[in-house]
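Top to bottom, those sequences are chains A and B. Residue numbers for the first sequence follow my numbering, so the first one is 54 and each next one is one higher. Residue numbers for the second sequence follow my numbering, so the first one is 4 and each next one is one higher. The beta carbon of each residue, even a glycine, is placed where N, CA and C say it ideally should be. It should be emphasised that the depicted structure is a prediction, and the values quoted were computed from it without experimental measurement.
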Amino acid sequence: MNPNFLDFEQPIAELEVKIEELQLVGSDNDINIGDEISKLREKSTRLTEKIYAGLSSWDIVKVARHPQRPYTMDYVPRVFTEFDELHGDRHFADDKAIVGGVARLEGKPVMVIGQEKGRNVQDKVARNFGMPKPEGYRKALRLMELAERYHMPVITLIDTPGAYPGIDSEERGISEAIAQNLAVMSRLRTPIISVVIGEGSSGGALGIGVGDHLAMLQYSTYFVISPEGCANIIWKTSEKAPDAAQAMGVTSSVLEELGIVDATIEEPLGGAHRDVDTMASRIQAHLVQEVERLQAISVDEMLEARYQRLLSYGN
Amino acid sequence: MGWYDKILPSGVRKQASERRSTVPEGLWKKCVKCEAVLYRPDLERNADVCPKCGHHMRIGARRRLDIFLDEEGREEVFDDVEPVDRLKFRDTKRYRDRLAAAQRNTGEKDALVAMRGTLHGMPVVVVAFDFSFHGGSMGYAVGEKFTRAAQLALEERMPMVCFSASGGARMQEALISLMQMAKTSAVLERLKLSSVPYISVMTDPIYGGVSASLALLGDINVAEPDARAGFAGPNVIEQTIRQKLPKGFQRSEFLLDHGAIDMIVHRNEMRDTLGRLLAKFTGRAATATAV
Numbered sequence: 054m055n056p057n058f059l060d061f062e063q064p065i066a067e068l069e070v071k072i073e074e075l076q077l078v079g080s081d082n083d084i085n086i087g088d089e090i091s092k093l094r095e096k097s098t099r100l101t102e103k104i105y106a107g108l109s110s111w112d113i114v115k116v117a118r119h120p121q122r123p124y125t126m127d128y129v130p131r132v133f134t135e136f137d138e139l140h141g142d143r144h145f146a147d148d149k150a151i152v153g154g155v156a157r158l159e160g161k162p163v164m165v166i167g168q169e170k171g172r173n174v175q176d177k178v179a180r181n182f183g184m185p186k187p188e189g190y191r192k193a194l195r196l197m198e199l200a201e202r203y204h205m206p207v208i209t210l211i212d213t214p215g216a217y218p219g220i221d222s223e224e225r226g227i228s229e230a231i232a233q234n235l236a237v238m239s240r241l242r243t244p245i246i247s248v249v250i251g252e253g254s255s256g257g258a259l260g261i262g263v264g265d266h267l268a269m270l271q272y273s274t275y276f277v278i279s280p281e282g283c284a285n286i287i288w289k290t291s292e293k294a295p296d297a298a299q300a301m302g303v304t305s306s307v308l309e310e311l312g313i314v315d316a317t318i319e320e321p322l323g324g325a326h327r328d329v330d331t332m333a334s335r336i337q338a339h340l341v342q343e344v345e346r347l348q349a350i351s352v353d354e355m356l357e358a359r360y361q362r363l364l365s366y367g368n
Numbered sequence: 004m005g006w007y008d009k010i011l012p013s014g015v016r017k018q019a020s021e022r023r024s025t026v027p028e029g030l031w032k033k034c035v036k037c038e039a040v041l042y043r044p045d046l047e048r049n050a051d052v053c054p055k056c057g058h059h060m061r062i063g064a065r066r067r068l069d070i071f072l073d074e075e076g077r078e079e080v081f082d083d084v085e086p087v088d089r090l091k092f093r094d095t096k097r098y099r100d101r102l103a104a105a106q107r108n109t110g111e112k113d114a115l116v117a118m119r120g121t122l123h124g125m126p127v128v129v130v131a132f133d134f135s136f137h138g139g140s141m142g143y144a145v146g147e148k149f150t151r152a153a154q155l156a157l158e159e160r161m162p163m164v165c166f167s168a169s170g171g172a173r174m175q176e177a178l179i180s181l182m183q184m185a186k187t188s189a190v191l192e193r194l195k196l197s198s199v200p201y202i203s204v205m206t207d208p209i210y211g212g213v214s215a216s217l218a219l220l221g222d223i224n225v226a227e228p229d230a231r232a233g234f235a236g237p238n239v240i241e242q243t244i245r246q247k248l249p250k251g252f253q254r255s256e257f258l259l260d261h262g263a264i265d266m267i268v269h270r271n272e273m274r275d276t277l278g279r280l281l282a283k284f285t286g287r288a289a290t291a292t293a294v
């Protein structure tokens, strides 16, 4: 099995191997096999289209957790310019599972806050695999309140397996930290736009996810409990996670229907990791459009719409 | 079954078991903590707190409201709010059927009961979770009723009190239940900005989405003695960190030590303590009952 491809993508992987082999042969020989290669390429594209058109909820969970999936720090330099990272919650520590700072979106100052899982092993450990502790949420809150004072739109990128379930998290009040963010974000006097870029897991995701507009990348997921956790509770085995993913409706198509998600940003064929630049430019275009829309209305109007939308959940 | 019952014909055996059940059901109750056998009327007179060891037993939403509010002038509000199965969720059973069973067993439509009434004569809105309904989990109905109760408090400028007991968000309502965290937090923020006092009383147990929203957003956070409260359940934490949790972890005393709550209040002192507190925040004079 090719680790760069998920289980349901293995037929694509096999084709890619063939293409690679032919390319090697092509450089050794003067036989013209260009036609053959382009035919195979076309076939691979069609196969990818076909496979991706029929993804199950569980397949999408896997794409969202793909080891090569772009993370917050992959998007930040591509979507924004002049990112200046700001650190610390001023009370206890700097939580590297949440990255925050000021940047420019098409020249306009914005506050960017996102969860970051970390790329290599060392980085993953330093970032606690993207599981924030209370200080992460409190840093995010500090930066959001700073943004409010300077009328900067807040952009949050959601990608976490959940808030960290540990002794220190509980000691320092992880529940209170998340709850406080939910409360303040409901009335922050500046636009808040959230994009789920990978895995949006429960309260840990929502803790930076309340605002005026919620978008999801096409193959990202958002759930109240991980499919494995849900399966463990109901079926007493995490092997039923695919059923749990299906039952909970963890994808943007279902969540848009429920009126929770406002927009889905289309991913490049085969997922964001196949073409990070294209993905980043689509995210950027979406953010620019939403910031413009929100800045065109008065702050009071925006806040009333935000509040009414919060009240409407589930109606 | 004793040897005597085994040799009886089945018909007689059935009669025998019926005869046994004519002894008043549950006249005696064993304390889950100290295992003392308690006479139920004594226990009820003591608000379901063990007279021997002080253990606070779990009580239902109606009983909670009954022992907290003044006897006169109570009125249940928003009892028309019902759960909705937007996802047509189905696991080993249909969520609809699970809901129907919970409704039959508890007599409640969902896990939250809301009332307006008075506390030592002071008008209040009080909501209480029923842990026996789906583990007190918060889905649409709980979030919606809580929100409407808070809006009532806001409109009439009455203090709000919430007694929570919940396993967290209700997973059968998936993201709709997660969003109830945002919804309830948003309305509580309005209470806060309008100086309408909100007291959150945490009762055993409080976890997950309810902990990370309405339960920890009180102007004053209170817990009953020895209640368990936290974000992640102890099993999840033990699996993550691969070590045993310290004694008393996530108990009320732990929360007080770590600054998450203002005080621990005994159930028998709840009315007086909360009445005394709220009177100070609503410009009322000290009363004789509130010492």
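Taking residue i as the reference, which of the options has the closest Cα?
i	options	result
residue 181 (chain B)	A:229, A:109, A:235	A:235
residue 129 (chain B)	B:235, B:164, B:284, B:106	B:164
residue 317 (chain A)	A:326, A:323, A:307	A:307
residue 132 (chain A)	A:241, A:158, A:118	A:158
residue 136 (chain A)	A:145, A:290, A:126	A:126
residue 176 (chain B)	A:368, A:161, A:87	A:368
residue 73 (chain B)	B:123, B:83, B:147	B:123
residue 228 (chain B)	B:135, B:205, B:64, B:238	B:205
residue 290 (chain A)	B:94, B:240, B:155	B:94
residue 218 (chain A)	A:177, A:313, A:239, A:182	A:182
residue 193 (chain A)	A:138, A:176, A:221	A:138
residue 106 (chain A)	A:357, A:329, A:323, A:361	A:323
residue 215 (chain A)	B:280, B:240, B:69	B:240
residue 284 (chain B)	B:250, B:82, B:125, B:104	B:125
Using 10 angstroms around the beta-carbon of residue i, count the other beta-carbons present and answer buried if the total reaches 16, otherwise exposed.
i	result
residue 203 (chain A)	exposed
residue 124 (chain A)	buried
residue 24 (chain B)	Its pLDDT being 47, under 50, residue 24 (chain B) is placed unreliably by the model, and the measurement read from it follows with that caveat. Exposed, because fewer than 16 other Cβ atoms sit within 10 Å of the Cβ of residue 24 (chain B).
residue 192 (chain B)	buried
residue 351 (chain A)	exposed
residue 20 (chain B)	Per-residue confidence for residue 20 (chain B) stands at a pLDDT of 46, beneath the threshold of 50, marking its modelled position as unreliable; the derived number appears in the next sentence. Residue 20 (chain B) comes out exposed.
residue 40 (chain B)	exposed
residue 45 (chain B)	exposed
residue 183 (chain B)	buried
residue 286 (chain A)	exposed
residue 343 (chain A)	buried
residue 161 (chain B)	buried
residue 294 (chain B)	Per-residue confidence for residue 294 (chain B) stands at a pLDDT of 45, beneath the threshold of 50, marking its modelled position as unreliable; no derived number is given.
residue 53 (chain B)	buried
residue 147 (chain B)	buried
residue 271 (chain A)	buried
residue 277 (chain B)	buried
residue 286 (chain B)	exposed
Can the beta-carbon of residue i be found less than 9 angstroms from the beta-carbon of residue j?
i	j	result
residue 91 (chain B)	residue 366 (chain A)	no
residue 197 (chain A)	residue 241 (chain A)	yes
residue 223 (chain A)	residue 117 (chain A)	no
residue 98 (chain A)	residue 62 (chain A)	no
residue 244 (chain A)	residue 332 (chain A)	no
residue 162 (chain A)	residue 229 (chain A)	no
residue 233 (chain A)	residue 220 (chain B)	yes
residue 148 (chain A)	residue 185 (chain A)	yes
residue 141 (chain B)	residue 283 (chain A)	no
residue 297 (chain B)	residue 167 (chain B)	This structure cannot settle anything about residue 297 (chain B), because the visible part of chain B is limited to 4 through 294.
residue 277 (chain A)	residue 172 (chain B)	yes
residue 50 (chain B)	residue 111 (chain B)	no
residue 168 (chain A)	residue 226 (chain A)	no
residue 164 (chain A)	residue 208 (chain A)	yes
residue 61 (chain B)	residue 134 (chain B)	yes
residue 250 (chain A)	residue 113 (chain A)	no
Would the C-beta of residue i count as close to the ligand MG, meaning under 8 angstroms from any of its heavy atoms?
i	result
residue 307 (chain A)	As far as ligands go, the structure on display features none, and thus does not contain the ligand MG.
Identify the contact partners of residue i in chain D, using a Cβ-Cβ distance below 9 angstroms as the criterion.
i	result
residue 171 (chain A)	Annotation note: the requested chain D is absent from the structure, which comprises protein chains A and B.
May I ask you to list the residues that DSSP assigns as paired with residue i?
i	result
residue 154 (chain A)	A:138, A:165
residue 205 (chain B)	B:167, B:226
residue 132 (chain B)	B:115
residue 276 (chain A)	A:254
residue 111 (chain A)	According to DSSP, residue 111 (chain A) bridges with nothing at all.
residue 33 (chain B)	B:40
residue 326 (chain A)	Per DSSP, none; premise fails for residue 326 (chain A).
Contact between the region 245 to 257 of chain B and the region 229 to 237 of chain B (3+ Cβ pairs under 8 angstroms): The region 245 to 257 of chain B, when compared against the region 229 to 237 of chain B, does touch it at the 8 angstroms Cβ threshold.
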